[in-house]
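Peer 1:
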Amino acid sequence: MSSAWRCAGPRTASGAVTVRPRLAARIANRRAANWTLENAPWTPAKAARHVVGKLAEWGYRVDADKEAGITAVTVLLARAALSDGGSRISLHLADQDHQALILVLSHQAGLAPVGEDLLREVTALGVVSCGADTDQKDGGRRRWALINLGD
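Taking the numbering used here as reference, the numbering of the sequence shown is continuous, increasing by one, and the terminal residue is 205.
1. By DSSP's criteria, Glu92 is part of a beta bridge. Which residues make up the other side?
2. Looking at the unbroken beta strand (DSSP E) that takes in Arg34, where does it start and where does it end?
3. Can the beta-carbon of Ala178 be found less than 9 Å from the beta-carbon of Ile143?
4. Where do the N-terminal and C-terminal ends of the beta strand (DSSP E) with Leu157 fall, by residue?
5. Only counting the same chain, and skipping five residues up and downstream in sequence, which positions put a Cβ closer than 8 Å to that of Leu109?
6. Mapping DSSP to helix, strand and coil, what is Gly169?
7. Using only the alpha-carbon positions, how far apart do Ser56 and Leu159 sit?
8. Mapping the DSSP letters down to three states, classify Arg115 as helix, strand or coil.
9. Can you grab the Cα-Cα spacing for the pair Cys184 / Gly140, in whole Å?
10. Could you tell me the boundaries of the beta strand (DSSP E) in which Ser183 lies?
11. Do you know how far the Cα of Ala86 is from the Cα of Gly113?
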């Protein structure tokens with residue numbers, strides 16, 4: 055059973071994040087990297103360093119503000135995945151058309167779907183799109199954000 059939600063930047067007149075059902079996230083046919091990280095207090099910052107470092111290795115030159123945004127998004131996603139418990143999380147990064155997908159899996163089955171609070175926080179950081187889903191068979195909870203790397 056899979057439950058998926060996606061936020062798409064725009065907000066309603068009342069300021070609520072637009073949320074709608076969505077199919078599970080999938081990375082295919084593009085450059086990608088991934089890391090397995092332990093459940094430790096320093097893991098969110100380490101995850102952000104991995105993402106920023108790999109994007110630089112791939113040739114993306116982002117200014118300090120964009121780097122701070124990428125770091126903040128990665129830290130939020132990693133922190134949320136770590137809060138599910140378990141001994142590890144998986145961090146996945148892919149790029150295409152000057153956008154980066156950051157995907158974090160908690161590998162914890164049997165959890166309820168993610169609430170909207172995290173999606174609101176991530177959306178507030180200026181992402182193109184973000185989402186979360188729960189797949190009991192593959193990866194547990196998944197949280198992701200799509201970030202524009204262009205000008």
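By construction, the Cβ of each residue, glycine as well, lies at the ideal position given by its N, Cα and C atoms. Quantities reported herein were computed from a predicted structural model and do not represent experimental measurements.
Peer 2: This is what the structure holds:
1. On the sequence shown, position 38 is the one that residue 92 refers to. Partner(s): Arg142.
2. Nothing can be reported for residue 34, as the shown portion of the chain is limited to 55 through 205.
3. To locate residue 178, count along the sequence shown from 1; it is residue 124. To locate residue 143, count along the sequence shown from 1; it is residue 89. Contact flag unset, no.
4. Against the sequence shown, residue 157 aligns to sequence position 103. Per DSSP, Leu157 belongs to the beta strand (DSSP E) from 153-159.
5. Taking the first residue of the sequence shown as position 1, residue 109 is located at position 55. Taken in chain order, the residues that qualify are Val116, Ile124, Leu147, Asp149, Ala154, Leu203.
6. The count along the sequence shown starts at 1 and reaches residue 169 at position 115. Coil.
7. Working through the sequence shown from its first residue, we reach residue 56 at position 2. Working through the sequence shown from its first residue, we reach residue 159 at position 105. At Ser56, the pLDDT of 39 sits below 50, so the modelled position is not reliable; the number obtained from the coordinates is stated separately. Approximately 14 Å, taken between the alpha carbons.
8. Stepping through the sequence shown from its first residue, residue 115 is reached at position 61. Residue state, collapsed to three classes: coil.
9. Your numbering for residue 184 matches position 130 in the sequence shown. Your numbering for residue 140 matches position 86 in the sequence shown. Roughly 23 Å between the two C-alpha positions.
10. The residue you call residue 183 lines up with position 129 of the sequence shown. Looking at the DSSP string, the run of the beta strand (DSSP E) that includes Ser183 is 183-189.
11. As a position in the sequence shown, residue 113 is number 59, starting the count at 1. As a position in the sequence shown, residue 86 is number 32, starting the count at 1. Approximately 14 Å, taken between the alpha carbons.
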